[in-house]
Structures are given as structure tokens and as C-alpha cells.
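Presented below is the structure to which this report refers.
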């Protein structure tokens with residue numbers, strides 16, 4: 559199986575490796591895994607004024623999984639939440655020219671994006687609830 563030059567480049571020179579502070583209300587974190595191949599991805603976004611200003615990842619897995627994560631973080635930066643939600647695994651497959659046996663890596667990347675966006679949106683909803691004083695306490 560031959561990897562494309564883009565996969566090799568993202569594997570040898572991964573972009574945006576690292577972590578953002580998980581407790582930051584502006585940070586969304588998605589952690590996903592694929593038991594069939596052992597790949598695990600953590601993808602994080604930082605959002606300011608509705609725009610993703612930073613994205614980081616840590617991936618334990620094959621070259622295609624690392625390349626998919628790296629590409630996803632590059633694509634997310636500068637996008638709105640709505641724009642980032644439109645990133646599909648097929649876009650990643652086409653850009654990286656992943657072989658059929660590695661398509662699951664692009665699915666993981668899409669799942670990680672969705673999980674990070676969902677986590678961010680959940681934090682925003684919780685923060686709005688707390689700041690509006692609508693929290694209820696049990697006695």
C-alpha cells in the first residue's frame with residue numbers, strides 16, 4: 559500500500575500537535591477511537607467570537623490517522639462552527655488520497671471534529687445557563 563505525498567508530509571511534519579486547556583470554556587474537546595485498528599484521536603478547538611482560532615490534536619495510530627487529524631486541524635482554523643460542521647470524511651479522503659483500507663481514519667477525524675464542536679456548544683449552553691441565573695439547586 560502506497561501513501562500519497564500529502565499523507566507522508568502530514569505524518570512526517572504533523573501540524574498543530576498538542577493540547578489546549580480542557581477546562582477553558584472556549585475550548586471544545588473530542589476524543590474518539592477505533593477498536594478495529596487501535597487508533598485514538600483527541601482533537602481540540604478554541605473558539606473566539608464564533609470563529610475557530612486554534613485547533614490541536616494528539617493521535618495514537620497509523621500514519622493515515624495522524625495525517626487525517628493534522629489536516630482536520632488545519633482546515634478548522636479560521637472557520638465558523640457552522641463551516642467546521644460541514645467538513646466530511648470524504649473531503650479528507652479526497653485531499654489525502656487515502657486508500658480504501660484507511661478510510662476509517664478519515665471517519666475518525668470527522669467524528670473527532672463533531673465531538674469537539676459538540677463539547678464546545680455544550681459548554682456554551684452551560685455557561686449561558688449559569689450566567690443567566692437559571693440554575694436550580696436541589697435541597
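Residue numbers (the numbering used here): 559 to 697. Using N, Cα and C, we set each Cβ at its ideal position, and we do this for glycine too.
Whose CA, out of the options, lies closest to the CA of residue i?
i: residue 574; options: 688, 655, 611; result: 611
i: residue 651; options: 674, 623, 583, 639; result: 623
i: residue 567; options: 675, 690, 684, 626; result: 626
i: residue 683; options: 569, 570, 579, 583; result: 583
i: residue 613; options: 596, 607, 633; result: 633
i: residue 540; options: 663, 596, 685, 679; result: With the chain covering only 559 through 697, there is no way to say anything about residue 540.
Expressed to the nearest angstrom, what Euclidean distance is found between the alpha-carbon atoms of residue i and residue j?
i: residue 646; j: residue 562; result: 19 Å
i: residue 637; j: residue 618; result: 26 Å
i: residue 687; j: residue 572; result: 38 Å
i: residue 648; j: residue 671; result: 14 Å
i: residue 696; j: residue 674; result: In this prediction, residue 696 has a pLDDT of 46, which is less than 50 and means its spatial position is unreliable; nothing more can be read from the coordinates.
i: residue 653; j: residue 570; result: 17 Å
i: residue 657; j: residue 685; result: 42 Å
i: residue 662; j: residue 689; result: 40 Å
i: residue 628; j: residue 655; result: 15 Å
i: residue 639; j: residue 606; result: 10 Å
i: residue 580; j: residue 681; result: 11 Å
i: residue 596; j: residue 644; result: 26 Å
Cβ of residue i within 8 Å of Cβ of residue j?
i: residue 601; j: residue 630; result: yes
i: residue 604; j: residue 590; result: no
i: residue 659; j: residue 621; result: no
i: residue 587; j: residue 677; result: yes
i: residue 577; j: residue 616; result: yes
i: residue 667; j: residue 599; result: yes
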